[in-house]
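Asks: Can you read through this structure? Questions will come right after.
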Amino acid sequence: MRYQSEQADALEAYVLRSFSLPATAHHLYSAIRWIERRKDVGLCGRVIAGYRELSDTARIDIGSIKPALLALQERGLIALRIGLPIKGARVATEIRRSTLDEIKARSRAGDDIAARLAAALTGRAFRFHGETISPTWSVCHTGRVISAKPNIQGEPEAKRWNGLAVGLTSGRALVHADIRQAEPTVIKHLLGIPADRDLYAEFMRGAGCDRDAAKKAVNMLAYCRDSLACFRHWPAAAGDSLRDYVEPLAAYKARLLADARRTRTVHTCTGRSIIAGERRRIHAGHVLNWRVQGTVADIVNAACLDILSRTAVLVPVHDAVYAVVSEADVDSVAASMVDEARRHGLGLDARTNVRR
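So this is what it looks like as structure tokens:
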């Protein structure tokens, strides 16, 4: 098979120009091209390789491979299935680079609030732990706006909070507003379950466990491949009390997957499209993840744009916002997220922490 070198050049030039990547991720992305050639799978063909092969080809430390792969996946540049140990044997990692058309299609779909927010935040300098930083911002596959150089979102919460609070001036306050149980509440909305139903408490009573264990068990069902298969391993009492949640969840995921396989598209609750890409293999957990996390991202992004002109510092982080605002605008940070959610029929609530 003749490798499409000119098209590969165009793809890599576009990625370099359009995406801010950690250095290790950039090296790995370029190295995948040579693995495509060596394995004769064609440009953006499916590559199966172990971490050692990826490390040797990219000339980066083997310990950097997984974070680099996840960074590329987060930005929609690769489809990824990370190898898992099975019966003592190692299953190699499966990678497929997104084509230029797929990346551009995703960018067009993202030429919306997320793209506008990323553009508005990029180049905005602010103080963090006493130093001036100016992160670059880009949009990942679900619509979340993510930071790089530095990745302030990747900092521990306490370090991020304290770093943004350094140097607050008179009349300004640092606000951290986050949506309460954002993703579980969106899932309840999709299934028609009352928002105030405490699924974790029901599992705790049935399984005799603490809340952290209950959250892990219940949340796992949403984004796994087969919710019913996981459910069968639950304690009987917990299963009996939550059967009317789990079975509708599994049925909803199956319908969503069938639609996504036909159209290669998932829609958030706000109506935004998330494109799967023609060759990407998807399962029921993927598509629900895109709908739910994408919906939360839409709400946070819209709220950020709403308050942007009133902030000295603005950092979105998943289902939350950090903002430095005037004392008069403290309440508006959480209110913007709540109002945006309600505009789309979602009864989400937010809580705030303020430092003056």
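Numbering (this note's numbering), first residue to last: 2 to 357. Cβ atoms here follow ideal geometry from the backbone N, Cα and C, with glycine treated the same way. Predicted model only: the values in this text are computed from it and were never measured.
(1) Could you tell me the alpha carbon to alpha carbon distance between Leu376 and Ala93, rounded to whole angstroms?
(2) What's the gap between the Cα of Ser337 and the Cα of Ala149?
(3) When you compare only the Cα positions, how much space is there between Ala238 and Met205?
(4) Excluding sequence positions up to five away, which residues of its chain have a Cβ less than 8 angstroms from the Cβ of Leu257?
(5) Give me, in chain order, the residues of the same chain whose beta-carbon lies closer than 6 angstroms to that of Leu372; leave out the 5 immediate sequence neighbours on both sides.
(6) Identify, in the order they occur along the chain, each residue of the same chain with its Cβ nearer than 6 angstroms to the Cβ of Arg357, setting aside the five sequence neighbours on each side.
(7) Counting pairs of Cβ atoms below 8 angstroms between the stretch 163 to 171 and the stretch 127 to 142, do you hit three or more?
(8) Where does Arg357 sit, in a helix, a strand or coil, going by DSSP?
(9) DSSP on Val187, reduced to helix/strand/coil?
(10) Quick one: residues in its chain with C-beta nearer than 6 angstroms to the C-beta of Thr137, no 5 flanking neighbours on either side, listed in chain order?
(11) Give the straight-line distance between the Cα atoms of Lys217 and Glu328, rounded to the nearest whole angstrom.
(12) Which one or two residues does DSSP pair with Thr94 in a beta bridge?
(13) Check Phe127 in the structure and name its three-state DSSP category.
(14) By alpha-carbon positions, which one of Ile194, Ile33, Ala9 and Leu192 ends up nearest to Asp102?
(15) With DSSP as the reference, label Trp138 as helix, strand or coil.
(16) Is Asn290 close to chain D? Criterion is C-beta to C-beta, closer than 9 angstroms.
(17) Could you tell me the boundaries of the beta strand (DSSP E) in which Leu315 lies?
(18) Name the DSSP beta bridge partners of Arg352, please?
Replies: Checking against the coordinates, here is how it stands:
(1) The structure shown does not extend to residue 376, since the chain is modelled only from 2 to 357, so the question has no answer here.
(2) Along the sequence shown, read from residue 1 onward, the residue named residue 337 stands at position 336. Along the sequence shown, read from residue 1 onward, the residue named residue 149 stands at position 148. Put simply, the backbone Cα of Ser337 is about 25 angstroms away from that of Ala149.
(3) For the purposes of this step, residue 238 is identified with residue 237 of the sequence shown, where counting begins at 1. For the purposes of this step, residue 205 is identified with residue 204 of the sequence shown, where counting begins at 1. Whole-angstrom Cα-Cα distance: 10 angstroms.
(4) Within the sequence shown, residue 257 is the residue found at index 256, counting from 1. Excluding residues within five positions, the ones whose Cβ falls inside 8 angstroms are Val267, Ala285, Val288, Leu289 and Arg292.
(5) Because residue 372 is not part of the residues shown, which for the chain are 2 to 357, the question remains open.
(6) Taking the sequence shown and counting its residues from 1, one reaches residue 357 at position 356. Closer than 6 angstroms at the Cβ level, and outside the excluded window around Arg357, lie Ala174.
(7) Touching, yes.
(8) Taking the sequence shown and counting its residues from 1, one reaches residue 357 at position 356. The DSSP-derived three-state label of Arg357 is coil.
(9) Counting from one through the sequence shown, the residue named residue 187 turns up at place 186. In the three-state reduction of the DSSP assignment, Val187 falls in the helix class, which pools H, G and I.
(10) In the sequence shown, counting from the first residue as 1, residue 137 sits at position 136. Only Ser21, Thr123, Ala149 and Lys150 meet the Cβ criterion.
(11) Residue 217 sits at position 216 when you count from the first residue of the sequence shown. Residue 328 sits at position 327 when you count from the first residue of the sequence shown. So the alpha carbons of these two residues sit roughly 38 angstroms apart.
(12) Here residue 94 refers to the residue found at position 93 of the sequence shown. Thr94 is bridged to Ala50.
(13) Start at 1 with the first residue of the sequence shown, and residue 127 comes out as number 126. For Phe127, the three-state secondary structure derived from DSSP is strand.
(14) Translated into positions along the sequence shown, residue 102 becomes position 101. Comparing Cα positions, the closest option is Ala9.
(15) Working through the sequence shown from its first residue, we reach residue 138 at position 137. Residue state, collapsed to three classes: strand.
(16) Reference to chain D is not applicable here, since this structure consists of a single protein chain.
(17) In the sequence shown, the residue the question calls residue 315 occupies position 314. Its beta strand (DSSP E) spans residues Thr312 to Val318.
(18) Here residue 352 refers to the residue found at position 351 when the sequence shown is read from its first residue. Beta-bridge pairing links Arg352 to Asp179.
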